[in-house]
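> Position in the sequence shown (from 1) plus 1018 gives the number in the numbering used here. I am attaching a structure below and will ask some questions about it afterwards.
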Amino acid sequence: MFEPQHFPASVAGEAVETAETLEVHYPWDGSLAGTVSVAGPAQLESAISAALDPANEPLDRYARHAILRRAAALLAERRDEFAALITREAGLAAHEAKYETGRSSDVLEFAAIEALKDDGQVFSCDISPQGKARKIITTRMPLSLAAAITPFNHPLNQVAHKLAPAIAAGTPVILKPSEKTPLTALKFVGLLHEAGLPGWMLSAFVGPLDSVVTPLIRDPRVELVSFTGSVEIGKAISREAGYKKLCLELGGNSPLIVLDDADLDLAVKLACEGSFRNSGQRCTAVKRILVQRGILDAFTERFVERAKTYLAGDPEDPATKVGTVIDEAAAEVLERRVRDAESLGARVLFGGGRRGALMEPTVLADVPRDAEVVDCESFGPLAPILPIEDLDDAISYYNSGRFGLSSGIVTNDLSLALRACKELKCGTTNVNEVPGYRIESSPFGGIKDSGLGIKEGVIEAMKFMSHVKTFSLPW
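In structure tokens form, the structure reads like this:
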């Protein structure tokens, strides 16, 4: 039996109760999942002052490594309790929540490894007539303070991707998790402190936009703002932040391109996993399935049959493969887009129904390219199938859009696969795999409206969470 949990604000490692409390509800039935204390300007200033206190003793590389390793071990031990909390606050199916905890353990492990690696370079200065007998040496130094703002769709893994690289780099962080899913984030912050992370290196809380979030973003003492979320909020942050580092990981409208020579069984499997996993609430989820006309009918028939195996229902039921989306309002948007597509001539081949925050896995055919369901990022388990003439048609269609995050192509023709990798204007192209495939240490991010700044992934994020210091000496 799940018991709602309360989490105070975490200010420099201290639990702080405040006068205001935010309730978080289970999307499946509206029951209380937990509560959090809402921070104000006083807690924000305390967090910033603690992080910048000159008396703080910086952590050496091995200390950072050891903390991250201990945190990974603790998270592995508590996988089930973290997964249960993710399901309760986000509505993700239980098996998806357990998968997310495993990925988050990987983030911690990879960051622990990177914390031990030397990150400097040596340049000899006597390699030109203008040079001298000197050596130039570089090393990476932590930032003074970073702000991390995370979304609801991965309540643990997105938080881990912000915090673990910062810890590995030695950079203090203030975390503002989504108000829709703050419980797992605050629980994870407690685990990091338990693993030995000094209080001053990490604070976490939710708070009002005008008195906490915007001042955090604007504060000149914050050297970096790292945000994952919607395009609109990302662009607002870029306007508010001023002269500082920005890492903005925003939306996506990723296609899975299926060409005539594709392995149909593989294509159908990838299309289902890409469309329905995590209830379709991933920026790299398959949002459009672009199928060459020669195999359109055969693909569609097989795809519908496989989609029927994706049971939607109570996220806590082990048999459920697709849980809810984040709330009923989000499900209503998806339902409206399906109905709008139907009005433009699209056909619902499977699903299409909604019950509260549960949107059924839905397969659509004959979808016009200008329908809202494919023109915008539809954040849910919708699978629109669109015919394409050939790879040129798919590339032209995708590149004309505002997003540039990821893509996947299913083909056995290496030359076509290479063309897709070169010509699709996006951050990632995966061959015979879903658009979102990656490991936690590999670079991740997009172009155009999908993102701004350096990519994420443990290694790239560590670079962004630090700066290069160059010095030279006679040699």
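Cβ atoms here follow ideal geometry from the backbone N, Cα and C, with glycine treated the same way. Predicted model only: the values in this text are computed from it and were never measured.
#1: Can you give me the C-alpha to C-alpha distance between Gly-1252 and Ile-1235, rounded to a whole angstrom?
#2: Hey, out of Glu-1291, Ala-1259 and Asp-1278, whose CA is closest to Ala-1316's CA?
#3: Between Arg-1420 and Leu-1400, what straight-line distance do the alpha-carbon atoms span, to the nearest angstrom?
#4: In the DSSP output, what is Thr-1446 paired with across the bridge?
#5: Please report the straight-line C-alpha distance between Asn-1296 and Ala-1111, rounded to a whole angstrom.
#6: What do you reckon, are the CB atoms on Val-1029 and Leu-1040 nearer than 9 Å?
#7: Taking Lys-1513 as the reference, which of Glu-1451, Asp-1071 and Ala-1033 has the closest Cα?
#8: From Gly-1445 to Gly-1138, what distance separates their C-alpha atoms?
#9: How about Cys-1265 and Glu-1474: do their beta carbons lie closer than 9 Å?
#10: If I measure Cβ to Cβ from Arg-1097 and keep anything under 6 Å in the same chain, skipping five residues before and after, which residues do I get?
#11: Does the Cβ of Pro-1492 have 16 or more other Cβ atoms within 10 Å, making it buried, or fewer, making it exposed?
#12: Look at the alpha carbon of Lys-1116 and the alpha carbon of Ala-1101, and state the distance between them as a whole number of angstroms.
#13: Return the first residue and the last residue of the beta strand (DSSP E) that Val-1286 is part of.
#14: Mind checking if Ile-1066 is an interface residue toward chain B, Cβ cutoff 9 Å exclusive?
#15: Does DSSP put Ile-1457 in a helix, in a strand, or in coil?
#16: Considering only the beta carbon of each residue, do Pro-1183 and Pro-1076 sit closer than 9 Å?
#17: Below 9 Å between beta carbons: does that hold for Gly-1454 and Gly-1463?
#18: Between which two residues does the beta strand (DSSP E) containing Pro-982 stretch?
#19: Report yes if the C-beta distance between Val-1276 and Ile-1427 is below 9 Å; otherwise report no.
#20: Would a C-beta distance cut-off of 9 Å place Leu-1308 and Tyr-1416 closer than the cut-off?
#21: Just to confirm the assignment, what range does the alpha helix (DSSP H) spanning Leu-1227 have?
#22: To which residues of the same chain is Pro-1190 closer than 6 Å at the C-beta, ignoring the five residues directly before and after it?
#23: Express the C-alpha separation of Phe-1489 and Ala-1090 in angstroms, rounding to a whole number.
#24: Taking the alpha carbon of Glu-1035 as the point to measure from, which residue in Thr-1429, Pro-1026 and Asn-1074 has its own alpha carbon closest?
#25: So, for Val-1486: in the same chain, excluding its five sequence neighbours on each side, which residues have a beta-carbon less than 7 Å away from its beta-carbon?
#26: Rounded to the nearest angstrom, what separates Val-1054 and Glu-1451 at their Cα positions?
#27: What is the DSSP secondary structure of Glu-1494, reduced to helix, strand or coil?
#28: Please confirm whether Gly-1370 and Val-1356 have their CB atoms less than 9 Å apart.
#29: Take Thr-1202 and list the residues in its own chain whose beta-carbon comes closer than 7 Å to its own, dropping the five residues that flank it on each side.
#30: What three-state label does DSSP hand Val-1240 in the structure shown?
#31: Relative to the C-alpha of Asp-1431, which residue among Val-1224, Leu-1442, Asp-1136 and Leu-1409 is closest?
By the coordinates alone:
#1: For this step, residue 1252 is matched to residue 234 along the sequence shown. For this step, residue 1235 is matched to residue 217 along the sequence shown. One alpha carbon belongs to Gly-1252, the other to Ile-1235, and they sit about 11 Å apart.
#2: For the purposes of this step, residue 1316 is identified with residue 298 of the sequence shown, where counting begins at 1. Comparing Cα positions, the closest option is Asp-1278.
#3: Residue numbering aside, residue 1420 sits at position 402 when the sequence shown is read from its first letter. Residue numbering aside, residue 1400 sits at position 382 when the sequence shown is read from its first letter. Spanning the two alpha carbons is a distance of roughly 20 Å.
#4: For the purposes of this step, residue 1446 is taken as residue 428 along the sequence shown, with counting starting at 1. Thr-1446 pairs with Ser-1424.
#5: Stepping through the sequence shown from its first residue, residue 1296 is reached at position 278. Stepping through the sequence shown from its first residue, residue 1111 is reached at position 93. Each residue's CA atom was taken as its position, placing Asn-1296 and Ala-1111 some 7 Å apart.
#6: Here residue 1029 refers to the residue found at position 11 of the sequence shown. Here residue 1040 refers to the residue found at position 22 of the sequence shown. Their beta carbons are not under 9 Å apart, which means Val-1029 does not touch Leu-1040 by this criterion.
#7: This structure leaves residue 1513 out entirely; the chain is present only between 1019 and 1493.
#8: Position 427 of the sequence shown, counted from the first residue, corresponds to residue 1445. Position 120 of the sequence shown, counted from the first residue, corresponds to residue 1138. One alpha carbon belongs to Gly-1445, the other to Gly-1138, and they sit about 27 Å apart.
#9: Within the sequence shown, residue 1265 is the residue found at index 247, counting from 1. Within the sequence shown, residue 1474 is the residue found at index 456, counting from 1. For Cys-1265 and Glu-1474, yes; Cβs fall inside 9 Å.
#10: Within the sequence shown, residue 1097 is the residue found at index 79, counting from 1. These residues qualify, in order along the chain: Thr-1119.
#11: Within the sequence shown, numbered from 1, the residue matching residue 1492 stands at position 474. Answer is exposed; the Cβ neighbour count stays below 16.
#12: By one-based count along the sequence shown, residue 1116 stands at place 98. By one-based count along the sequence shown, residue 1101 stands at place 83. In a straight line, the C-alpha of Lys-1116 is about 5 Å away from that of Ala-1101.
#13: Mapped onto the sequence shown, residue 1286 falls at position 268. Not the beta strand (DSSP E): Val-1286 falls in the alpha helix (DSSP H), residues 1282-1294.
#14: Absent here is chain B; the protein component of the structure consists of one chain.
#15: Taking the sequence shown and counting its residues from 1, one reaches residue 1457 at position 439. Three-state result, Ile-1457: coil.
#16: Translated into the one-based positions of the sequence shown, residue 1183 becomes position 165. Translated into the one-based positions of the sequence shown, residue 1076 becomes position 58. It is not a contact, given that the beta carbons lie outside the stated cut-off.
#17: Indexing the sequence shown from 1 puts residue 1454 at position 436. Indexing the sequence shown from 1 puts residue 1463 at position 445. Not closer than 9 Å, so no.
#18: The structure shown has nothing for residue 982, since the chain only spans 1019 to 1493.
#19: Within the sequence shown, the letter at position 258 stands for residue 1276. Within the sequence shown, the letter at position 409 stands for residue 1427. The answer is yes: Cβ separation under 9 Å.
#20: The residue labelled residue 1308 in the question sits at position 290 within the sequence shown. The residue labelled residue 1416 in the question sits at position 398 within the sequence shown. A Cβ-Cβ contact shorter than 9 Å links Leu-1308 with Tyr-1416.
#21: In the sequence shown, the residue the question calls residue 1227 occupies position 209. Element bounds for Leu-1227: n/a, residue is neither H nor E.
#22: Residue 1190 sits at position 172 when you count from the first residue of the sequence shown. Once the five neighbours on either side are set aside, the close Cβ partners of Pro-1190 are Ala-1069, Leu-1163 and Met-1219.
#23: Counted from its first residue, the sequence shown places residue 1090 at position 72. Counted from its first residue, the sequence shown places residue 1489 at position 471. Those two C-alpha atoms are separated by around 35 Å.
#24: Looking up residue 1035 in the sequence shown gives position 17. Comparing Cα positions, the closest option is Pro-1026.
#25: Taking the first residue of the sequence shown as position 1, residue 1486 is located at position 468. Excluding residues within five positions, the ones whose Cβ falls inside 7 Å are Thr-1156 and Arg-1158.
#26: Stepping through the sequence shown from its first residue, residue 1054 is reached at position 36. Stepping through the sequence shown from its first residue, residue 1451 is reached at position 433. So the alpha carbons of these two residues sit roughly 39 Å apart.
#27: Since the first residue of the chain shown is 1019 and the last is 1493, residue 1494 is not available in this structure.
#28: Here residue 1370 is taken as the residue at index 352 of the sequence shown, counted from 1. Here residue 1356 is taken as the residue at index 338 of the sequence shown, counted from 1. Yes, these two residues count as a Cβ contact at 9 Å.
#29: In the sequence shown, the residue the question calls residue 1202 occupies position 184. These residues qualify, in order along the chain: Phe-1100, Leu-1103, Ile-1104, Glu-1107, Pro-1173 and Leu-1174.
#30: By 1-based counting over the sequence shown, the position of residue 1240 is 222. Of the three classes helix, strand and coil, the one that applies to Val-1240 here is coil, per DSSP.
#31: Along the sequence shown, one-based indexing puts residue 1431 at 413. Ranking the options by Cα distance to Asp-1431, first place goes to Leu-1409.
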